[in-house]
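The structure appears below as structure tokens.
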Amino acid sequence: MKELTALLAVTIVTTATLVVGVFGLRISRTTSDFFVASRRVGPFLNASAISGEYLSAASFLGVAGLVLLRGVDMLWYPIGWTAGYLLLLVFVAAPLRRSGAYTLPDFAEFRVESQAARQVASWLVCLIGALYLVPQFQGAGLTLRAVTGAPSWVGAVLVAFVVLVNVVAGGMRSITLVQAFQYWIKLCALLVPALILWLAWHHDDSPTRHLHTSDWVEPLQGPHATYLTYSLILATFLGTMGLPHVVVRFYTNHDGTSARRTTLGVLAMLSMFYLLPTAYGALGRVYASDLVASGRTDSVVLELPERVLGGTGATVLTALLGAGAFAAFLSTSSGLVVSISGVLSQDVLSRRFGSVTGFRIGGVMAAGGALLLAAGTQGLPVAHAVELAFAVAASTFCPLLLLGIWWRGLTARGAIVGMIGGGILSGTAVLAVMLGVKADNWAGALLSQPALLTVPIAFAAMVGVSLADRARVPVHVGRAMVRLHLPETVEVDRGSYQPVN
Amino acid sequence: MSDEPITRVRITSPRTLAARSRTRRSNAAEIDELTRLGEVYVQSLMRAQLRLAGYVVLLLAVSLGLLPVLFQVLPVDHVHVLGVRLPWLLLGVVVYPWLLVLAWWYVRRAERNEAAFIELVDRREDAS
């Protein structure tokens, strides 16, 4: 009974996602429709879509799991994932939209006028996308196992399949609608059970067992806690702007001003959502503290109804939460697959295939590759795994965007050296952690949160090499700055989209 | 002698459109041709927006950025507000409306900066 209800809910979300996707297919006919939803998407719909795409397995399941496991310090995860949009807003949103770049490699090529920089950026998109996809597929496996008892790989394969059908069939237009729809599913799926569980807890005379252990409830208790917290803050605050699937969304805004308003909307929607995982984590501490010992903290959100309520109520709530979790995997994975396949089709497959065919083949490659990676790595908390992708983004694309938009002196060599250096340093740390390298000393702390070291190094490399390479400042930098910063209503020459090489 | 009056008698009013447009270019044209004046205009807008972004980052650093240090230095762990420990209340709830206030303030100011820039560029065009 319990399994059947949950299965039904997951099926409904999956089918609904596919239906909206196919509906989108009917609308999207031309290539331009296919890629960018023809830029007719308003700020509210766009903000819903960005939030829907952004709130992944890490937010829906992982944060509550980490809060249950380690307590108050973990609240910095959702804070960073929200505040990242504030920094994106003030430094990147409007100029990026005005640049006309669709992907991060587009931006790199436009700004530093170099095909080599474009290639480096393309590989980084694939790396960050893959690091981000892996925990999504793992989360899907974990969810399906928790609600139906199916083996882990079933959920991962199911999500990969649905995402592929959607991406291959409908392209971006359908994805925009799907993503917007997913945000509201996720919010309801987490909010309604939270309210009911809270009432039940109240009815139960508000027990507070396990809540007052000092290393859980008090901030900064573990070894290297201050370093870890600040490194986490840096990675999440600066990493958001460098996420490939977030950046492509800005292209669907009408202009720079609406890009800013969309970002404000995203901040509001994320703020609403992120109030909830903390409640699940704390309730989990009271009712499900045994999950800590058994190492299954990531499934706390899904197991709480059974422990607090039991009976039919629990069955319905678990089904609702399972559906929401699936919405989370589907939406984030779709966005990631779209952006990776966009990059692959433009930069790798375009010589052999038409752009739409290339896009579809790229999608298959992205999902298949990540599925293989997910089979290879296990055991890292979902939220931490996702946050590692942020660390790589913060060490590579963040300096490219900040310096590219606000500093005339950035050169192609500077950008390339900075991206490669930051990418290698942070990427090595991330892969080591994912493969299970652990240490209790400083090196261990550095590996598990590398951003505080790698981000400044990447910035220093970009600035230093650019200064040494001053003679090769891009020829059209003046025009590029006009394009990036002037409001669209001012009628000036903004240069052509593709810089002359 | 017969040539001199011709050069001297330039009594055409400089206020005609034709005369003005030859001597003074619009600001948009200055920007288009990337003259030093045009660059100054673009840079003034960039500086204004960057300064605004700097204020936001400063406010963020002073508020959120100092929280971990404050938690270590001040004995706030046992302070309860509304029945919740202060760090939990701050990090779990209060942070979010604060981020929204910062973002909302930034969007208003950034749009105002751009409106001022548009006015600056258009004003001289209207005059010419």
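Here the protein sequences come in this chain order: A and B.
Heads up, the first sequence is in the working numbering, so the first residue is 1 and it goes up one at a time.
Heads up, the second sequence is in the working numbering, so the first residue is 1001 and it goes up one at a time.
Idealized CB from N, CA, C, for every residue including glycine.
If you measure from the beta carbon of Y54/A to each beta carbon in chain B, is any gap under 9 Å?
no
In chain B, which residues lie less than 9 Å from E218/A when you measure between Cβ atoms?
F1071, D1077, H1078, R1085, P1087
Considering only the beta carbon of each residue, do D493/A and I1031/B sit closer than 9 Å?
yes
Using a Cβ-Cβ distance under 9 Å, would L1082/B count as near chain A?
no
Note down, in chain order, each residue of its chain lying with its Cβ closer than 6 Å to the Cβ of L291/A, except the 5 sequence neighbours on either side.
T297, V300
Assuming R111/A and A394/A are in contact, meaning their beta carbons sit under 8 Å apart, how far apart are those beta carbons, in whole angstroms?
R111/A to A394/A, Cβ: 19 Å. No contact.
Within the continuous alpha helix (DSSP H) that includes Q221/A, where are the two ends?
Counting along the chain, Q221/A falls outside any alpha helix (DSSP H), and DSSP gives it neither H nor E.
Cα-Cα separation, V343/A to L238/A
22 Å
CB-CB under 6 Å to V465/A, same chain, minus the five flanking residues each way: which ones, in chain order?
R413, G414, V417
Could you tell me whether any Cβ in chain B is nearer than 9 Å to the Cβ of M241/A?
no
Helix, strand or coil at H210/A according to DSSP, with G and I counted as helix:
coil
To the nearest angstrom, how far is the alpha carbon of A198/A from that of S206/A?
Looking at the sequence provided, one finds Trp at residue 198/A rather than Ala. One C-alpha to the other measures close to 9 Å.
Can you pull the chain B neighbours of L238/A, defined as C-beta to C-beta under 7 Å?
Here the premise fails: no neighbours, minimum Cβ distance about 11 Å.
Going by DSSP in three states, H203/A sits in which element: helix, strand or coil?
helix
Rounded C-alpha distance that separates A117/A from D347/A
12 Å
Just the Cα atoms here: how many angstroms apart are S122/A and L388/A?
19 Å
Taking C-beta to C-beta, are A180/A and S48/A nearer than 9 Å?
yes
Can you list, in chain order, the residues of its chain with a C-beta nearer than 6 Å to that of A94/A? Leave out the 5 residues immediately preceding and following it.
G256, A259, R260
Per-residue contacts from E1114/B into chain A (C-beta, under 8 Å)
T257, P487
Hey, would you say I233/A sits closer than 9 Å to P1068/B, going by beta carbons?
yes
Positions along the segment 44–72 of chain A whose CB lies within less than 8 Å of some CB in chain B
V72
With a threshold of 9 Å between beta carbons, is M481/A in contact with chain B?
yes
Enumerated in chain order, which unbroken segments of the alpha helix (DSSP H) with a length of 4 residues or greater are wholly contained in the segment 365–410 of chain A?
382–406
Sub-9 Å separation of D204/A and V308/A beta-carbons
yes
Which stretch, first to last residue, makes up the alpha helix (DSSP H) that contains M241/A?
Premise fails: M241/A is in no alpha helix (DSSP H) and is neither H nor E.
Restricting to Cα atoms, I'd like to know which of W201/A, R408/A, A432/A is closest to R472/A.
R408/A
So, for V266/A: in the same chain, excluding its five sequence neighbours on each side, which residues have a beta-carbon less than 6 Å away from its beta-carbon?
A47, I50, S51, Y85
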